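Numbered by the working numbering, the letters in the sequence shown go through residues 277 to 946 in order.
In what follows, a single structure is set out as structure tokens and then discussed.
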Amino acid sequence: MRSVFVRCFILLAALGFGAKAWAAERVFEFESWRVGIDSSNGNITIVYGADTLLLGSNAVWGADNHRRAMRQASAYRAAMSDNSDIYGSGKLITLRATYAAQHVEQRIYLYSGKPYLHTELEVEATDGVALNYMAPISTSVAYSPLGGRCTNSLFIPFDNDAFIRYRTYEFGRERTESYGVTAFFDAASRCGVVVGAVEHTEWKTGIDATTSRAGAINSLRVYGGASSSVTRDLLPHGKVVGRSVKSPRIMLGAYDDWREGMESFGDQCATFAPKLPSLGARPFGWNSWGALATKVTFQKSIEVSDFIHDNLQNHSFENEGTVYIDIDSFWDFGFKAHEHKIFVEHCHKNGQKAGIYWCPFTDWGGNARAKVVRDMDYRWEDVYIRAKGEPVRFDGGIAIDPTHPAVRRRIELQIKQFLEWGYEYVKLDFMAHGAYQSDSYYDKSVTTAMQAYNQGMQYIVEQTEGKMWINLSIAPLFPGNYAHSRRISCDAWADINNTEYVLNSLTYGWWLDRIYHYNDGDHIVYKDVSEGENRARITSSAITGVYFLGDDMSAGGKAEVKAKIVRHTTNAAINEIARTCPSFRPVEIARGDRGTDMFYHSAGEVVYVAIFNYRPRSEHKQLMLERIGLPVERTLQAEELWSGEQMELQGKLSTTVGGRDVKVYRIDIK
């Protein structure tokens with residue numbers, strides 16, 4: 277019995293490939309995969325089952341504007357062999373060619389029982405190679421994946437800075453631009469194609485595509501070497517240098533549900549860059565930035581610790597008996613050095629853990645001539661990331677070189693101090709500054725922003741000695757192996773617009789908790805908005821991940837705000853969602869850069885559904901239960917968790933949600 281066939285075809289119409297584009301080709305088959313390689317120009321086509329996932333792709337590589345394509349090479353040789361690696365077992369197809377003094381190799385990895393493959397490009401030369409653009413996937417041959425049913429694609433940002441939003445593009449109306457990963461899918465049936473980089477050690481990966489209203493992809497490029505305003509770079513991507521240079525490893529897969537494809541992609545990223553060892557349950561807690569902000573003090577933080585202990589902690593606002601009390605920026609003004617240990621000990625007496633905040637990759641002082649650390653003779657101007665000689669500044673902070681010994685010493689000293697004080701949680705902010713491209717780095721073996729970022733992040737992890745929960749605030753999406761959790765959006769406060777902003781990120785980024793242990797919906801702020809907006813905001817955090825409050829609960833805090841916090845934050849059913857559920861999936865997509873209004877999670881014999889209304893007036897909402905995988909013929913029992921209302925469902929969930937409010941349902945499917 278043979279599952280693999282290698283055949284040579286002169287005419288490929290019999291396989292469904294366009295004979296005009298494929299005059300001479302070798303076709304490799306494995307399970308549901310067919311990979312065709314044109315022996316005259318190195319073009320590649322990929323078919324999975326009946327779906328063409330790629331047509332006429334011809335790899336491209338180069339430096340700056342000097343680029344070469346596989347079609348310009350010669351002496352093409354293709355072969356297939358057995359393969360086994362960290363992603364699975366199957367077959368490896370290798371295409372080799374020669375361009376001048378360069379040896380070029382494209383590899384395609386097929387995995388048994390998997391609806392995805394991986395591909396990568398490598399260029400080698402005896403005298404060395406320096407490249408800042410490598411596109412394993414590059415085609416301008418139009419084709420129709422999924423039988424022309426695609427209606428939308430995704431924009432995934434590089435980071436979460438500057439209140440950036442995720443978005444969907446409509447086929448044929450807008451050019452697709454994305455970073456790291458995207459999906460092409462049919463919003464109605466949900467079938468889709470997912471493509472993205474599972475490696476993020478050296479390259480920033482970009483994806484560009486043009487599409488047609490008929491559901492065709494007219495062009496597609498997936499490449500290492502992205503540099504744009506979205507990546508915050510002022511320079512072209514740095515050159516990767518070596519005797520051989522390899523592109524990022526690209527995943528391409530076909531799924532009945534594009535959401536499963538995004539989750540699978542996240543799992544593959546975590547296979548290459550495994551999550552940090554767990555440090556316990558998902559954090560419940562409080563962060564000072566939401567209301568106290570620049571006015572955080574030792575005394576107020578003590579009072580917040582006591583308020584949470586006395587009013588919330590014994591009423592379900594805890595996880596495995598623990599709550600984190602996290603002091604944010606400006607703690608260095610609000611705390612005296614000796615007060616940190618006192619604060620930590622006070623938290624411990626209250627059954628809590630203490631957290632703190634820091635920015636390892638930015639200079640906020642702006643005194644270029646000041647020393648970075650006392651015991652080294654380096655000035656801040658020595659460690660700046662520079663573009664064309666000028667310090668790179670964003671959000672008011674100057675980016676600094678993660679590879680510089682003074683920056684590393686600063687990291688070592690600060691983390692050591694945190695540990696000596698007894699802190700067990702650190703919120704690291706403005707981390708994307710460490711991923712800006714620089715003219716050069718102190719470590720001359722480092723030439724790209726992602727190389728520098730990875731080196732700096734690895735050093736931070738080492739300094740924590742596995743004793744601190746690392747939560748990233750503003751940071752690149754990838755890689756995920758340097759933190760336990762990451763904020764899914766930029767800053768968010770109280771009103772419904774802030775809730776919708778967080779949920780825009782959840783709509784298209786829920787799957788990031790496959791890369792990190794948890795997503796983080798930012799601090800929940802109650803002040804100055806309606807009760808409905810309070811319910812919506814706390815629900816948005818509960819269905820996202822890390823579950824932190826943000827109001828002033830000190831003795832000077834507003835009594836009416838604290839009363840609302842006690843009323844809403846002690847809802848045991850909502851807290852149980854935050855305690856036990858991963859990030860909720862979107863039911864449907866939203867238009868443009870909006871957040872969708874319905875999310876759900878299936879938890880064994882229970883399904884949770886959250887339905888939001890972002891508008892000021894009440895709205896009728898209807899969910900067909902088949903869209904969340906529930907039987908339409910059975911009568912199901914449901915409870916709305918904010919009101920306690922009981923109801924029966926058959927085939928659909930119909931409800932009216934008040935203006936700027938939410939309803940959360942627990943549906944029993946036993």
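Glycine is no exception: its CB is placed at the ideal position from the N, C-alpha and C atoms.
Note that the structure is predicted; figures quoted are calculated from it, not measured.
Here's a check: name, in chain order, each residue in its chain whose Cβ is nearer than 7 Å to the Cβ of residue i, leaving out the five neighbours to either side.
i	result
T547	I362, Y363
E475	P524, R525, F548
K966	Residue numbering for the chain in the displayed model covers 277 to 946; residue 966 lies beyond these limits and cannot be assessed.
G542	W787, L788, R790, I791
A300	With a pLDDT of 46 at A300, under the threshold of 50, the predicted position of this residue should be treated as unreliable, and no value is reported.
H591	T846
H614	none
Y802	A770, N810, D827, V837, K840, I841
R893	G935
V968	Here the chain comprises residues numbered 277 to 946, so residue 968 is not present and cannot be evaluated.
Use the C-beta contact count for residue i: other C-beta atoms within 10 angstroms, 16 or more gives buried, fewer gives exposed.
i	result
S357	exposed
P907	exposed
S360	exposed
H680	buried
W640	exposed
N810	buried
Q727	buried
T856	exposed
If you drop the 5 nearest sequence neighbours on each side, which residues of the same chain put their C-beta closer than 6 Å to that of residue i?
i	result
Y758	M733, V737
V380	A349, A373, V399
R684	Y735
K946	E881
P559	Y600, V822
Which value, in whole angstroms, describes the spacing of the CA atoms of residue i and residue j?
i	j	result
A492	D484	14 Å
W762	A351	Per the sequence shown, residue 762 should be read as Arg rather than Trp. Cα to Cα, R762 sits roughly 47 Å from A351.
T374	V405	14 Å
F304	G389	17 Å
G785	I764	7 Å
R535	I632	35 Å
Y442	K625	42 Å
E579	S564	12 Å
G501	T395	16 Å
A839	V702	29 Å
G325	V470	16 Å
R451	D705	32 Å
I909	K928	Just to set this straight, residue 909 is Glu in the shown sequence, not Ile. Cα to Cα, the separation comes out at about 10 Å.
S540	F611	45 Å
V311	Q544	22 Å
L331	K522	23 Å
F306	H513	36 Å
V822	R813	13 Å
V883	N795	20 Å
G672	P752	18 Å
L588	H616	23 Å
G597	F606	28 Å
D327	L695	54 Å
A297	G642	Since pLDDT at A297 reaches only 44, below the 50 mark, its modelled position is unreliable, and the value read off the structure follows with that caveat. When rounded, the distance between both Cα atoms is 58 Å.
G808	D937	4 Å
P553	E700	14 Å
G698	R508	35 Å
C426	V722	40 Å
L689	P636	11 Å
Tell me, to the nearest whole angstrom, how far the beta carbon of residue i is from that of residue j; I am working on the premise that it is less than 8 Å.
i	j	result
W309	M410	In fact, because the Cβ distance is near 23 Å, the residues do not count as touching under 8 Å.
A770	V778	The pair is not a contact, with the Cβ atoms about 11 Å apart (cut-off 8 Å).
Output yes or no for whether 9 Å exceeds the beta carbon distance between residue i and residue j.
i	j	result
M724	Q739	Looking at the sequence provided, one finds Thr at residue 724 rather than Met. No, the pair does not count as a contact, with Cβ atoms beyond the cut-off.
I750	N428	no
M923	K897	no
V649	K629	no
I601	I584	yes
S816	T783	no
L386	I320	no
T481	Y455	yes
N730	T477	yes
H877	I853	yes
A530	P421	yes
Does chain B have any CB closer than 9 Å to the CB of residue i?
i	result
V882	The chain labelled as chain B is not found in the depicted structure, where only one protein chain is given.
Just to confirm my understanding: we take residue i, look at its own chain, exclude 5 residues before and 5 after, and list those with CB closer than 8 Å. What are they?
i	result
R947	Here the chain has residues from 277 to 946 only, and residue 947 is not among them.
K551	G756, N757, H760, I791, Y792, H793
L912	L901, L906, E924, L925, Q926, I943, D944, I945
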